[in-house]
Amino acid sequence: MKLKLRTRLAVAFVIITVVPLALIYAVVAGLSNYQMKSFRKAYNLTEQVNLFSGNSLQIFNRMTQVEQKEIEKILDSSPEKFSDMEYMQKLNEKLSNKYAYMIVRKDDQIVFDGNSHVTQELLDQLPKYEDVDSSIDGAIYLDGDTQHLVKQMDFLYPDEGKGSVFIVSNVDGLLPEIKAMMAEMLLAVILIIVFTDAILMMWVYSSVVHPLGRLQEATKKIRDGNLDFALEVENDDEIGQLCQDFEEMRMRLKENAEEKIQYDKENKELISNISHDLKTPITAIKGYVEGIMDGVASSPEKLDRYIRTIYNKANDMDKLIDELTFYSKIDTNKIPYTFSKINVASYFRDCVDEVGLEMEARNIELGYFNYVDDDVMVIADAEQMRRVINNIVSNSVKYIDKKSGIINIRIKDVGDFIQIEIEDNGKGIAAKDLPNIFDRFYRTDSSRNSSQGGSGIGLSIVKKIIEDHGGRIWATSKEGIGTEIHFVLRKYQEVIAE
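Going by our numbering, the residue at position 49 of the sequence shown is 612; the numbering climbs one at a time, nothing skipped.
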């Protein structure tokens, strides 16, 4: 059964957490139970002790209870034995097996010291005679440079001297048995983790290495430029989905490569079209210049018409070259913008006046209607916005097929925006072509012929400029009636500080 990678990871999570935890719990429980039994047997403890309780004082207290009771009996029956150094040395040896030692004091003098490393600080802290109730089964805790648990048993020597026997346990560190048990547990935990991780690694590795190997081979093929292959997907798990995504990427790369070939082809076509469009006005200019040189323009009116035609053809050439230059900047995203505050009413009035002379020469009626207040401002690049108006108007002029051409420019206030509408009474655009007229290299059936000219990128330049200004552009059209281009720009609103 093929498991999904998510399922494998879930199983791996169980293996790497639940299984080790269960094994660790079993090992810790077994070792601790064994060590507690051994500990109680080694130190003759009748009561249950918990080595992991953290209460080491309780353990040390219980460990010396047998010796404490033995000393109490001797104190009741034969207190003089605590003047016998040999007897006290034997008692101290018993205590040393339980990590304790004995100190005997008579009056204010230490008569026996079972630990040669006892500090004066500890001796000074030992309670005075009868400061501690010896009848209570317990001990006191002394804290200093080292921590000690002290049991005090007071008695009287035969000569009426005041005596005290102290059982002292150093509780600074862990018992050796606990240290050994912790080391064993640590080793067991490490072995359990290594064992489960090894099983997990082998299982996951074997389940993913094969598809990853095939994916690596496919990557090498793409690196070498080979896109004509198919990566077969065997499993429906996450790695299979990765292979599927990789295959889709390969197909997309192949499509992009084919699109690049098409793009290069369109670029060549664009250059060919522009070359044709440049050759046409150049041929006309040469013809009219030759006519002037040969004296064909014999009257002032005819000469003026020739010169005006030459001027218009030169303007057409200039626009074509300008469009080509600007198109290269669009392709590299290096359009130079100089934004500034522009008065809407006066700026678009100037734009209309500028194109008005050309419209008059072409016998096209130009209408301008401003519906915004005189103080309305926008932030825009004046030169590039002029290019927008000129491109749209030039495009409208090319497709006006009626004897009396009309172009109307309207400026409207639409809340936070101003809306510019440029309407013509040309042949219109088919509904299927309308959504695509702003795309580069898109051409309608009648968008290119020798009489209309144009590079076919004018409206794509317009769209780029408007969008870079934060605006939006669209078109509406009816075949046989005309086309209307709309675009909006956000108003400039001055922020007044309170």
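Glycine is no exception: its CB is placed at the ideal position from the N, C-alpha and C atoms.
As assigned by DSSP and simplified to three states, the class of residue i
{"i": "L712", "result": "strand"}
{"i": "L790", "result": "coil"}
{"i": "S732", "result": "strand"}
{"i": "K995", "result": "coil"}
{"i": "N875", "result": "helix"}
{"i": "V935", "result": "coil"}
{"i": "K823", "result": "helix"}
{"i": "H1049", "result": "strand"}
{"i": "D676", "result": "strand"}
{"i": "V695", "result": "coil"}
{"i": "V977", "result": "strand"}
{"i": "K1054", "result": "strand"}
{"i": "N1012", "result": "With a pLDDT of only 44 at N1012, under the threshold of 50, the placement of this residue in the model should not be trusted, and no figure is reported."}
{"i": "R1003", "result": "coil"}
{"i": "P899", "result": "coil"}
{"i": "L658", "result": "helix"}
{"i": "Y890", "result": "helix"}
{"i": "P690", "result": "coil"}
{"i": "Y962", "result": "coil"}
{"i": "V772", "result": "helix"}
{"i": "S641", "result": "coil"}
{"i": "A860", "result": "coil"}
{"i": "T580", "result": "helix"}
{"i": "V681", "result": "coil"}
{"i": "E946", "result": "helix"}
{"i": "E795", "result": "coil"}
{"i": "I587", "result": "helix"}
{"i": "D760", "result": "helix"}
{"i": "D916", "result": "helix"}
{"i": "I1020", "result": "coil"}
{"i": "D885", "result": "helix"}
{"i": "D808", "result": "helix"}
{"i": "D840", "result": "helix"}
Sheet register partners of residue i (DSSP bridge)
{"i": "S727", "result": "R668 and D717"}
{"i": "L929", "result": "I970"}
{"i": "M940", "result": "N906"}
{"i": "S1040", "result": "T1046"}
{"i": "D987", "result": "I970"}
{"i": "A663", "result": "S732"}
{"i": "Q982", "result": "K975 and V1051"}
{"i": "R625", "result": "According to DSSP, which records beta bridges pairwise, R625 is partnered with nothing at all."}
{"i": "R1035", "result": "V1051"}
Cβ neighbour criterion (16 or more within 10 Å) applied to residue i
{"i": "P863", "result": "exposed"}
{"i": "I673", "result": "exposed"}
{"i": "Y664", "result": "buried"}
{"i": "V772", "result": "exposed"}
{"i": "G593", "result": "exposed"}
{"i": "T570", "result": "exposed"}
{"i": "L654", "result": "buried"}
{"i": "K823", "result": "exposed"}
{"i": "R871", "result": "exposed"}
{"i": "I1048", "result": "buried"}
{"i": "D687", "result": "exposed"}
{"i": "H839", "result": "exposed"}
{"i": "M814", "result": "exposed"}
{"i": "I927", "result": "buried"}
{"i": "R668", "result": "buried"}
{"i": "Q768", "result": "Per the sequence shown, residue 768 should be read as Tyr rather than Gln. By the 10 Å Cβ count, Y768 comes out exposed."}
{"i": "Y890", "result": "buried"}
{"i": "V907", "result": "buried"}
{"i": "Q1056", "result": "exposed"}
Check: residue i C-beta below 7 Å from any heavy atom of the ligand SAM
{"i": "V629", "result": "Ligands are entirely absent from the displayed structure, and the ligand SAM is therefore not among its contents."}
Cutoff 8 Å: residue i Cβ touching any chain B Cβ
{"i": "N789", "result": "No chain B appears in this structure, which consists of one protein chain only."}
Q: Determine, using beta-carbon pairs with one atom in the stretch 1024 to 1040 and one in the stretch 996 to 1003, whether at least three such pairs fall under 8 Å.
A: yes
(Q) When you compare the stretch 895 to 911 with the stretch 866 to 879, are there three or more beta-carbon pairs, one atom per stretch, that lie closer than 8 Å? (A) no
Q: Assess, as a yes-or-no matter, whether the stretch 910 to 926 is touched by the stretch 950 to 963 under the definition of 3 or more beta carbon pairs within less than 8 Å.
A: yes
Q.
Within 8 Å, do at least three Cβ pairs link the stretch 717 to 727 to the stretch 636 to 647?
A. In short, these stretches touch, since the Cβ pair count reaches three.
Q: Pair every Cβ in the stretch 778 to 787 with every Cβ in the stretch 751 to 763, then say whether three or more of these pairs are closer than 8 Å.
A: no
(Q) Counting beta carbon pairs with one atom in the stretch 905 to 919 and one in the stretch 942 to 955, are three or more of them shorter than 8 Å? (A) The answer is yes - the stretch 905 to 919 touches the stretch 942 to 955, with three or more Cβ pairs under 8 Å.
Q.
Whether or not the stretch 965 to 978 and the stretch 931 to 945 are in contact is what I'm after, with contact meaning three or more pairs of Cβ atoms, one per stretch, closer than 8 Å; do they touch?
A. Judged by Cβ distances under 8 Å, the stretch 931 to 945 makes contact with the stretch 965 to 978, as three or more pairs qualify.
(Q) With a threshold of 8 Å, are at least 3 pairs of Cβ atoms found where one atom belongs to the stretch 679 to 696 and the other to the stretch 646 to 660? (A) no
Q.
Any contact between the stretch 822 to 834 and the stretch 849 to 861? By contact I mean 3 or more CB pairs, one from each, below 8 Å.
A. Short answer: they don't touch.
Q: Please confirm if the stretch 980 to 998 is in contact with the stretch 1033 to 1042, defined as three or more CB-CB distances below 8 Å between the two stretches.
A: yes
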